[in-house]
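Take 2 as the starting number for the sequence shown in our numbering and just add one per residue.
No residue lacks a Cβ here, since even glycine has one placed at the ideal position from N, Cα and C.
Only a predicted model underlies this, so the values are computations on that prediction, with no experimental measurement involved.
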Amino acid sequence: DEQQSINKKIANQIPVIVQKSVQEQSKKPKRKGFLGIFGKKKEVTPAVSTTILHSVNRNVISEQKVQDRQLSEQADSLAARNAELNRQLQELICQIEEKVQTELQSRENEIVAMREKSFMQVGGLMGFVLLLLLISYIIIHRDAKSIKQYKHKTTDLIRQLEQSVQRNEALITSRKKAVHTITHELRTPLTAITGYAGLIRKEQCEDKSGQYIQNILQSSDRMRDMLNTLLDFFRLDNGKEQPRL
C-alpha cells in the first residue's frame, strides 16, 4: 500500500514537472544577429523541473527508506510472532502427542486388562468344563461299573434261577415219578388185600374175624379212593385229563 502511495505521488508530480519544463522553454531569450553567437554566455541556472525532480527523488528515497525500515520492523515483528507461533505450535504438538501417548497407553492398559480378564474367564470356563467332564466321567464310570456289577449279579442270579428251575423241574419230575410209582405200587397190594379179604368173608361169614375183615375192606376202599383221587390230580397236573365241571 505504501509503495502504491509513493508511485501515486510520483505520478501526481510528473504533470507538474512537465508543465514547469514547458514554461521554462517558452521563457528562453532568443539570440539576435550574428554577434549573438559570440556574445557573452549567461550563467546557466538549474531548471525548476530538475530541482523538482531532485526534490521528488529525495522524498521518494526518504519515503522508501521509511518504508524499508517499516518493512524491516514488520518483518522482525512477523519473525518474532512467527517464532512465538512456532513455539506455541510446538507446545501444542507436544501436548497433543503427550495426550495421544497417554490415551494410547491407557487404551493399551485397558486392552491388556481386558485380555487378561478374558484369559481368566476362558481359563475359568475351561477349568469348570474340565471339572464337569471329570465329574461326568467319574459318574459314568461308576454307573458303568455299577451296571456291570448289576449285570454280572443279574446274570449270576438268572443262572442260579435257571439252575433252581432246572432243579425244581427235576424235583417235580422225580416227585411225579415217585408219586406215580408209589400209586401203582400201592394199588397192586391194595387190590390183593381187597381180593383176599373178599374171599375170606365168603368163606367165614359167621366167624368173629368177619368184623375185622369188614374193617379191612372199608380201609381198603378209602385207600383206593384216595389213590384214585391222587392219580386224577397227577393226570390233571400232567395235562392228560381235563377237569370235570
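Residue i Cβ short of 7 angstroms to the ligand MN heavy atom set
i	result
Asp226	Absence of the ligand MN from the depicted structure is noted, as is the absence of any ligand whatsoever, leaving it without description.
Alpha-carbon spacing of residue i relative to residue j, whole angstroms
i	j	result
Arg70	Ala80	15 angstroms
Leu127	Lys118	Checking the sequence shown, residue 127 turns out to be Met, not Leu. Looking at the two C-alpha atoms, the distance is approximately 14 angstroms.
Asp144	Thr156	17 angstroms
Thr192	Lys177	22 angstroms
Ile62	Glu85	33 angstroms
Asn87	Gln75	17 angstroms
Lys154	Gln161	10 angstroms
Lys149	Val166	25 angstroms
Arg108	Glu99	14 angstroms
Ile141	Gly124	25 angstroms
Leu218	Arg168	41 angstroms
Gln65	Arg59	9 angstroms
Leu72	Ser78	9 angstroms
Asp226	Leu232	10 angstroms
Gln68	Asn83	21 angstroms
Cys95	Leu132	54 angstroms
Gly151	Ala171	According to the sequence displayed, residue 151 carries Tyr and not Gly. Their backbone Cα atoms lie some 29 angstroms apart in a straight line.
Thr230	Met224	10 angstroms
Ser220	Glu163	44 angstroms
Glu92	Val130	55 angstroms
Arg116	Ser137	31 angstroms
Thr103	Ala114	16 angstroms
Ile201	Ile173	41 angstroms
Gly196	Ser175	31 angstroms
Ile159	Gln122	53 angstroms
Phe234	Leu187	16 angstroms
Met134	Val101	Residue identity check: residue 134 is Leu in the sequence provided, not Met. Rounded to the nearest angstrom, the two C-alpha atoms are 48 angstroms apart.
Asn110	Ile97	19 angstroms
Beta-carbon contacts of residue i that lie in its chain and below 8 angstroms, excluding the five residues immediately before and after
i	result
Leu90	none
Gln106	none
Ile112	none
Leu228	Thr184, Leu187, Arg188 and Leu191
Option nearest residue i by Cα separation, candidates the options
i	options	result
Gly199	Asp222, Ala171 and Arg188	Asp222
Arg236	Glu104, Ala114, His181 and Ile136	His181
Gln215	Ile194, Ala114 and Val130	Ile194
Other residues of its chain near residue i: CB distance less than 7 angstroms, five sequence neighbours each side excluded
i	result
Thr189	none
Lys146	none
Ile139	none
Nonlocal neighbours in the same chain, by C-beta distance under 6 angstroms from residue i, ignoring five residues either side
i	result
Phe120	none
Quick one: complete alpha helix (DSSP H) runs, 4+ long, within the stretch 130-177? Complete alpha helix (DSSP H) runs here, min 4: none at all.
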